[in-house]
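When you read off a place in the sequence shown, starting at 1, and then add 25, the result is the number in the numbering used here.
No residue lacks a Cβ here, since even glycine has one placed at the ideal position from N, Cα and C.
First the structure, in the form of structure tokens, and then the observations on it.
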Amino acid sequence: MQPKIFVTRPLPQPVMELLKAHGEVELYPEDAPIPAEELMQACRDVDGLLVVSNRVTEELLSQAKQLKVISTPSVGYDNIDVAACTRRKIVVTNTVGMLEETTADLAFGLLLATARRLVEADRFARAGRWKYWQYNLLYGANVYQKTLGLIGFGKIGQAMARRARGFAMRILYSTRHRVADEIERELGAAYVEKETLLQQSDFVSLHVPLTPETRHLIQARDLELMKPTAFLINTARGPVVDEEALVSALKAKKLAGAGLDVFENEPRIHPDLLTMEQVVLIPHLGSATAETRLKMAMLAAQNLTAALSGQRPPNVVNPEVYR
Ligand code: 8YV
Numbered sequence: 026m027q028p029k030i031f032v033t034r035p036l037p038q039p040v041m042e043l044l045k046a047h048g049e050v051e052l053y054p055e056d057a058p059i060p061a062e063e064l065m066q067a068c069r070d071v072d073g074l075l076v077v078s079n080r081v082t083e084e085l086l087s088q089a090k091q092l093k094v095i096s097t098p099s100v101g102y103d104n105i106d107v108a109a110c111t112r113r114k115i116v117v118t119n120t121v122g123m124l125e126e127t128t129a130d131l132a133f134g135l136l137l138a139t140a141r142r143l144v145e146a147d148r149f150a151r152a153g154r155w156k157y158w159q160y161n162l163l164y165g166a167n168v169y170q171k172t173l174g175l176i177g178f179g180k181i182g183q184a185m186a187r188r189a190r191g192f193a194m195r196i197l198y199s200t201r202h203r204v205a206d207e208i209e210r211e212l213g214a215a216y217v218e219k220e221t222l223l224q225q226s227d228f229v230s231l232h233v234p235l236t237p238e239t240r241h242l243i244q245a246r247d248l249e250l251m252k253p254t255a256f257l258i259n260t261a262r263g264p265v266v267d268e269e270a271l272v273s274a275l276k277a278k279k280l281a282g283a284g285l286d287v288f289e290n291e292p293r294i295h296p297d298l299l300t301m302e303q304v305v306l307i308p309h310l311g312s313a314t315a316e317t318r319l320k321m322a323m324l325a326a327q328n329l330t331a332a333l334s335g336q337r338p339p340n341v342v343n344p345e346v347y348r
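What follows is the structure, encoded as structure tokens:
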């Protein structure tokens, strides 16, 4: 009997074809989250689940007695209760290696847009407010030769460092596991404690996964340490920042601005952020290019079909299931 596969979003045709070659595929046809109850129903008799952004809870898993593999086309997997999957010997896979450069492009773009007020300037121009060239119109902040503080120094953090070198930036990083000397030398990055990084950086960019340890990693006391001229860039996960504290700090001018791709309660954006000129707000677009999304979806399908064929997929996030 062919394995049953459930896919929560329409994916590019070659990806769907690959899945169909390996099993009986059922698809939620909208590019929107499937309602939780419907997902639970759909998973009752499936062997493989390819899930985008929906939460995969213990409750869902308890109903999904046949499930052997869950594959997500993302690097983050905080939407999946991985510990509960491991207890049930369900393999969980992600798409590490596919989207880091694309996400770093966006993070650096957000940094530039925030520093140079690009979105505000666009709003100004479109509103017909540009009457004549002005010497002091829409001053921004220099990026060149400034200090960039990277919190989290995995693949995306390091890709940011490579971009920052082109801007002759001084690069600081803080992370749980300090990287090898060669990598520090190659990227010209100095390891410092988070407090030092916050105090010295002109731009603080977040590149950690969301885990219980990183939830609210940036709180009021951290924002307090930042320079009043500094900017916070978040393309990681919204809950890494205490959004209420960020709003208060921005209002009190404890920092100069923020570039945010992710939010604490997506897709809700804090209403006060919506009124602030010094923030750039974009809807979770880190990996959003056609090329990268295709590669992510393809790898997610390959991970899924490998596991269903009894092979060990290359991107297993819970290798304990094989012990
Ligand atoms: C995904 C992301 O597109 O990879 C991640 O962790 O945040 C994005 O690239 C998004 O999570 C949907 O799966």
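- DSSP places K29 within a strand segment (E or B) once states are collapsed to three.
- Annotation: the continuous beta strand (DSSP E) that includes A214 extends over A214 to Y216.
- For F192, the CB contacts under 7 Å within the same chain, skipping 5 residues up- and downstream, are V168 and Y169 in chain order.
- Taken in chain order, the unbroken stretches of alpha helix (DSSP H) that lie wholly in the segment 30 to 112 and span 4 residues or more are 38 to 47, 61 to 67, 83 to 88 and 107 to 112.
- At least one heavy atom of ligand 1 falls within 8 Å of the beta-carbon of M321.
- Taking the Cβ of A313 as the reference point, at least one heavy atom of ligand 1 falls within a distance shorter than 8 Å.
- Exclusion of S230 from the 8 Å shell around ligand 1 follows from its C-beta lying no nearer than that to any non-hydrogen atom of the ligand.
- Three or more beta-carbon pairs separated by less than 8 Å link the segment 91 to 103 to the segment 112 to 119, which places the two stretches in contact.
- Fewer than three pairs of CB atoms, one per stretch, sit closer than 8 Å, so the segment 203 to 212 makes no contact with the segment 251 to 264.
- Residue pairing by DSSP places S199 opposite I176 in a beta bridge.
- The bridge partners DSSP lists for I208 come to none.
- Burial check for T33: the Cβ neighbour count within 10 Å reaches 16 or more, so the residue is buried.
- For V144, the three-state secondary structure derived from DSSP is helix.
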